[in-house]
Amino acid sequence: MTSTVTSETPMDDVVIELSNVWKIFGANPQAALRAIHEEGLSKAEVLEKHNCVVGVADVSLTVNRGELFCIMGLSGSGKSTLVRHFNRLLEPTAGEIKIKGTDVMALGPQELMSFRNKEIGMVFQNFALLPHRSVLDNVAMPLEIRQVSKNDRLRQASNILDIVELGAWGNKFAHELSGGMQQRVGLARALAADPDVLLMDEPFSALDPLIRRQLQDEFLRLSNILKKTTIFITHDLDEAVRIGDRIAIMRDGRINQIGTAEDIVMNPADDYVAEFVAGISRLKVVRAHAVMQPIEDYLKTSGPVSADAPRVNEAASLSDLINMAIDTPEDILVEDKGKDVGVITRADLLRTVIEGTEVS
Numbered sequence: 002m003t004s005t006v007t008s009e010t011p012m013d014d015v016v017i018e019l020s021n022v023w024k025i026f027g028a029n030p031q032a033a034l035r036a037i038h039e040e041g042l043s044k045a046e047v048l049e050k051h052n053c054v055v056g057v058a059d060v061s062l063t064v065n066r067g068e069l070f071c072i073m074g075l076s077g078s079g080k081s082t083l084v085r086h087f088n089r090l091l092e093p094t095a096g097e098i099k100i101k102g103t104d105v106m107a108l109g110p111q112e113l114m115s116f117r118n119k120e121i122g123m124v125f126q127n128f129a130l131l132p133h134r135s136v137l138d139n140v141a142m143p144l145e146i147r148q149v150s151k152n153d154r155l156r157q158a159s160n161i162l163d164i165v166e167l168g169a170w171g172n173k174f175a176h177e178l179s180g181g182m183q184q185r186v187g188l189a190r191a192l193a194a195d196p197d198v199l200l201m202d203e204p205f206s207a208l209d210p211l212i213r214r215q216l217q218d219e220f221l222r223l224s225n226i227l228k229k230t231t232i233f234i235t236h237d238l239d240e241a242v243r244i245g246d247r248i249a250i251m252r253d254g255r256i257n258q259i260g261t262a263e264d265i266v267m268n269p270a271d272d273y274v275a276e277f278v279a280g281i282s283r284l285k286v287v288r289a290h291a292v293m294q295p296i297e298d299y300l301k302t303s304g305p306v307s308a309d310a311p312r313v314n315e316a317a318s319l320s321d322l323i324n325m326a327i328d329t330p331e332d333i334l335v336e337d338k339g340k341d342v343g344v345i346t347r348a349d350l351l352r353t354v355i356e357g358t359e360v361s
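Now the structure itself:
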């Protein structure tokens, strides 16, 4: 049985699929894995009895095409270990990994190298730029490995630098750029080969808060343009909430919960997740559809909705709803695609703010 808590994903739109992935570090990981299955050993017991460390424990997940999927957890949770399995920088002890339908575990060394170069881009925390190469040559490097002609690769690299707004810096060297600019070069290099999948391992965590916020904005802008399927690793819940379409929360190598920020804040899977998200403001995360009463229920208990009732889309934020409630005494109608689907009362809003639970 896996530890994953997740929502349904249309399988015809799945780009990444991990099934029961384990990573155990040590001299005899298979023996440790057998003991886990047969004896139900904890992570601490595996270390004590087998001198092995469980890095990733029975992880299963799917990621949709074009989705920005955040994996987050505290230091030692296994998130950076996990992301290195997507392109087999680390070999799993057990499990299956499929990307775009390709069984990554079945690829030989040359096939794997080609697959990484063509299908997967990776952005590291420490930029990893080559100091003896210009910015343009750093960005063009994946295309050079692919043996693209010099003129073509430099033209493509130049186009990508324009997209990340560094077109004027192509002839500079890494040490001449700020940290934020170097990270944008790292992103441009990952994008230069036009991969379908992007892996980003805490790419902004080494930057100052203001620069980090600016790069988050820049990354979201690029994501809307390029529509890459992205795995984004972070230890910062605020960053995950701001960036992720869905979020996976890890602890001790396992995934405790997968869902949208709203899902996780409103319905934490366990006490650990509840404590983790306790400091997140619901004002920008919770949407009208999570607060509303279905219109049929409202009509049964409260009668017709006032003709003066304001209307909002089901995606309206809790912050917007509270401001609207301040301006009008009427209950609020919620619509979806032009159809009235729910009603929100002031009591509903107060209950959501105070308790952080959906109205039943």
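With the working numbering applied, the sequence shown closes on residue 361, and no number is skipped along the way.
Where is the CB? At the ideal position from N, CA and C, for every residue including glycine.
Query - Under the three-state DSSP convention, the category Lys119 falls into - result: helix
Query raised in the report: Buried or exposed: which applies to Asp253, given that a residue is buried once 16 or more other Cβ atoms fall within 10 Å of its Cβ?
Result: buried
Query - Where Ala129 falls, given that 16 or more other Cβ within 10 Å makes a residue buried - result: exposed
Query raised in the report: Between the Cα of Val64 and the Cα atoms of Ala317, Ile248 and Val278, which residue gives the shortest distance?
Result: Ile248
Report task. Identify whether Lys99 lies in helix, strand or coil by the three-state DSSP scheme. Result -> strand
Report task. Since I believe Ile232 is in contact with Met374 (beta carbons under 8 angstroms), could you give me their beta-carbon distance rounded to a whole number of angstroms? Result -> Here the chain has residues from 2 to 361 only, and residue 374 is not among them.
Report task. Would you kindly check if the distance between the Cβ of Val344 and the Cβ of Asp332 is under 8 angstroms? Result -> yes
Query raised in the report: Rounded to a whole number of angstroms, what is the C-alpha to C-alpha distance between Gly339 and Trp23?
Result: 47 angstroms
**Report entry** Nearest-angstrom Cβ-Cβ length linking Leu319 and Leu351, presumed shorter than 8 angstroms
**Finding:** That belief does not hold up - the Cβ atoms of Leu319 and Leu351 are roughly 11 angstroms apart, past 8 angstroms.
Query raised in the report: How is Thr235 classed by DSSP in three states: helix, strand or coil?
Result: strand
Requested in this report: Report the option in Ile121, Ser150 and Leu223 whose CA atom is closest to the CA atom of Leu162.
Outcome: Leu223
Query raised in the report: Does the Cβ of Leu41 have 16 or more other Cβ atoms within 10 Å, making it buried, or fewer, making it exposed?
Result: The amino acid occupying residue 41 in the given sequence is Gly; Leu does not appear at that position. Exposed is the call here.
Query raised in the report: Are at least three pairs of beta-carbons, each pair with one atom in the stretch 16-33 and one in the stretch 86-100, less than 8 angstroms apart?
Result: yes
Query raised in the report: What distance in whole Å lies between the Cβ atoms of Arg185 and Glu219, which are believed to be in contact at a cut-off of 8 angstroms?
Result: 7 angstroms
Requested in this report: Return the first residue and the last residue of the alpha helix (DSSP H) that Asp267 is part of.
Outcome: As written in the sequence, residue 267 is Met, which differs from the Asp given in the question. Where Met267 is concerned, the enclosing alpha helix (DSSP H) stretches over Ala262 to Met267.
Report task. Reducing DSSP to helix, strand and coil, say where Phe205 ends up. Result -> coil
Report task. Assign Arg134 to one of three DSSP states: helix, strand, or coil. Result -> coil
Query raised in the report: For the beta strand (DSSP E) that Ile250 lies in, which residues bound it at each end?
Result: Arg247 to Arg252
Query raised in the report: Excluding five sequence neighbours on each side, which residues of the same chain lie with their C-beta closer than 8 angstroms to the C-beta of Leu208?
Result: Gly180, Gly181, Gln184 and Leu216
Query raised in the report: Would you report the Cα separation of Ile17 and Glu92, rounded to the nearest angstrom?
Result: 17 angstroms
Report task. Could I get the ranges of all uninterrupted beta strand (DSSP E) runs contained in the stretch 9-71, with 3 residues as the minimum, in chain order? Result -> 15-26 and 54-65
Query raised in the report: Which of helix, strand or coil does DSSP assign to Met293?
Result: coil
Query - Spatial distance of Leu334 from Pro269 (CA atoms) - result: 27 angstroms
Query raised in the report: Thinking C-beta only, is Val278 closer than 8 angstroms to Asn257?
Result: no
Query raised in the report: Are there 16 or more other CB atoms within 10 angstroms of the CB of Lys301, so buried, or fewer, so exposed?
Result: exposed
Report task. Please list, in chain order, all residues of the same chain as Ala348 whose beta carbon is under 8 angstroms from its beta carbon, the five residues on each side excluded. Result -> none
Requested in this report: List the residues that DSSP assigns as beta-bridge partners of Gln258.
Outcome: Ile250
Requested in this report: Please state if the CB of Ala289 and the CB of Glu263 are separated by a distance shorter than 8 angstroms.
Outcome: no
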